[in-house]
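J.: Residue numbers (my numbering): 74 to 493. Where is the CB? At the ideal position from N, CA and C, for every residue including glycine. Just so it is clear, the structure is predicted and the values come from calculations on it, not from any experiment.
Here is the structure:
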């Protein structure tokens, strides 16, 4: 792979800018979540439409994820990220001008394309800027996701509770930050050293043979975590408020913030431990806590519900953060865009499908009936990641570490063992 000359290397602030951009992308995805109840009340639509609006975002994000990695490998990270931020701004404008549910679908689709590209290309750019911190970049990416979501959800919910322009001010604040990042991207040097050399094409649904085992384990664990996150962002705030007999949108924002802040906290605390171990603990804990959540919601106690949701968030943070770190530490440099595309393609698929099914079930049978069913199925999916890891012989005996160690110097192999 071509190396960047000192004069063309990304500026020292590029890494922090990319992290903030990843945070902004997830914040943008979270802003509408506390507002769905206001939109539904304003235009009188059923729970299914809420999940359709949410799924529209995920569906187009999948398309963006599939193509943006290859586009950035061919044309560079900066051009793709610039277009992505412009799409975020366009989506925010449609939200502000919305005159019906159809506008929300269009706005979410515009944002979905932009966020999908930011997730993949921003993550690949982080590795380009500082490849020796690959594992740490995976941890920081997961933390940035969660902090962005928590700040956006809590801030938006607080505005909604007060009634102070909740359908305008959150989007305006997000747009102002996006404009600042747009300017920084314009002056940032291209971080991808091989831009222009890679052939253009949609990545095939495959990953390098030497990391297939760890990829399978990582994507199942991350997919299970994102399935839980999808329902948390769409229907769970209203389900939790109904179960706790609490009125107003602020409680829904607290639900989202409880999940994401505890997720960020566990990701920080677990960063020093081997990624595989962290992912296994997270998958197991999330399965147990999803089942415990059924009982917590049945109590009708707001404190018990929030405490259980917060614990679920901590487990989600371990499952997703550990899975992502387990994978990113071993992606071949020339395949970063394609592999990250596949990872997020499958993760977003896990985000969309359960959310739509829960929306259908909530519309037909009621949210209090369908939520326990979802919780049990989510627990099964989490445990399946643990089973896969065991079947593959701790993930790497067949695919990962053996292949890596054969071509890795001894000191580098020792560094790998510390993080994985």
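If you count every other CB in all the chains shown that lies within 10 Å of the CB of residue 84, and 16 or more means buried, which is it?
T.: Exposed: under 16 other Cβ atoms inside 10 Å.
J.: With a threshold of 16 other CB atoms inside 10 Å of the CB of residue 472, please say whether the residue is buried or exposed.
T.: With a pLDDT of 41 at residue 472, under the threshold of 50, the modelled position of this residue cannot be trusted; read the value that follows with caution. Flag for residue 472 reads buried.
J.: Distance, Cα to Cα, residue 404 vs residue 154?
T.: Between residue 404 and residue 154, the C-alpha separation is close to 21 Å.
J.: Which residues in the same chain as residue 223 place their Cβ atom closer than 6 Å to its Cβ, once the five residues preceding and following it in sequence are excluded?
T.: Within the same chain, and ignoring the five residues on either side of residue 223 in sequence, the residues whose Cβ sits closer than 6 Å to its Cβ are 330, 333 and 334.
J.: Express the C-alpha separation of residue 318 and residue 93 in angstroms, rounding to a whole number.
T.: Rounded to whole angstroms, residue 93 to residue 318 spans 36 Å at the Cα level.
J.: Which of the three DSSP states, helix, strand or coil, is assigned to residue 280?
T.: coil
J.: Mapping DSSP to helix, strand and coil, what is residue 263?
T.: Residue 263: coil per DSSP, three-state reduction.
J.: For the alpha helix (DSSP H) that residue 440 lies in, which residues bound it at each end?
T.: 440-464
J.: Mind checking whether residue 310 and residue 328 have CB atoms under 7 Å apart?
T.: yes
J.: By Cβ distance below 7 Å, which residues in the same chain neighbour residue 88 in space, the five residues on each side in sequence not counted?
T.: 199, 202 and 203
J.: Closest to residue 128 by C-alpha separation, out of 416, 186, 150 and 158, would be which residue?
T.: Selected option, being the one with the closest Cα: 186.
J.: On the DSSP letters alone, give me the boundaries of the alpha helix (DSSP H) that residue 297 sits inside.
T.: 285-307
J.: Short check: CB of residue 325 to CB of residue 337, under 7 Å?
T.: no
J.: With distance defined between alpha-carbon atoms, name the residue in 424, 391, 387 and 312 nearest to residue 349.
T.: 391
J.: Could you give the residue range of the alpha helix (DSSP H) that holds residue 112?
T.: 109-116
J.: Would you call the stretch 102-111 in contact with the stretch 229-238, where contact means no fewer than 3 C-beta pairs closer than 8 Å?
T.: yes
J.: When the distance is taken between beta carbons, is residue 413 closer than 7 Å to residue 193?
T.: Here residue 193 is near residue 413, since their CB atoms are less than 7 Å apart.
J.: In whole angstroms, what is the alpha-carbon distance linking residue 301 and residue 354?
T.: 16 Å
J.: Compute the beta-carbon to beta-carbon distance between residue 359 and residue 297, rounded to the nearest angstrom, for a pair I have assumed lies under 8 Å.
T.: 7 Å
J.: By Cβ distance below 8 Å, which residues in the same chain neighbour residue 377 in space, the five residues on each side in sequence not counted?
T.: 369
J.: Could you tell me whether the Cβ atoms of residue 95 and residue 172 are closer together than 7 Å?
T.: No, Cβ-Cβ distance for residue 95 and residue 172 is not below 7 Å.
J.: Could you compute how far the alpha carbon of residue 304 sits from the alpha carbon of residue 256?
T.: 34 Å
J.: Taking 7 Å as the CB-CB limit, is residue 377 close to chain C?
T.: The chain inventory of the structure shown lacks chain C, comprising one protein chain alone.
J.: Residue 211 and residue 397 look like a contact to me (Cβ under 8 Å); what is the Cβ gap, rounded to whole Å?
T.: 5 Å
J.: Residues in its own chain within less than 6 Å of residue 474 by CB, not counting five upstream and five downstream?
T.: The predicted position of residue 474 is uncertain, since its pLDDT is 44 and thus under 50; a value taken from the coordinates is nonetheless stated next. Once the five neighbours on either side are set aside, residue 474 has no close Cβ partner at all.
J.: Start and end of the alpha helix (DSSP H) containing residue 343?
T.: 323-343
J.: Mind reading off the beta-carbon distance from residue 90 to residue 261? Whole number of angstroms is fine, and I expect it under 8 Å.
T.: 7 Å
J.: Take residue 181 and list the residues in its own chain whose beta-carbon comes closer than 6 Å to its own, dropping the five residues that flank it on each side.
T.: 126, 129 and 130
J.: Out of 158, 347 and 124, which one is the CA nearest neighbour of residue 178?
T.: 124
J.: Whole beta strand (DSSP E) runs in the stretch 148-192 with 3 or more residues, listed along the chain?
T.: none
J.: Under DSSP, the alpha helix (DSSP H) around residue 241 begins and ends at which residues?
T.: Residue 241 -> no alpha helix (DSSP H), and no H or E assigned at all.
J.: First and last residue of the alpha helix (DSSP H) that includes residue 502?
T.: Shown here, the chain extends from 74 to 493; a query on residue 502 therefore has no answer.
J.: Going by alpha carbons, who is nearest to residue 158 out of 294, 97, 386 and 122?
T.: 97
J.: My output table needs one value for residue 396: the three-state DSSP class, helix, strand or coil.
T.: helix
J.: Check residue 84 in the structure and name its three-state DSSP category.
T.: coil
J.: Rounded to a whole number of angstroms, what is the C-alpha to C-alpha distance between residue 246 and residue 164?
T.: 14 Å
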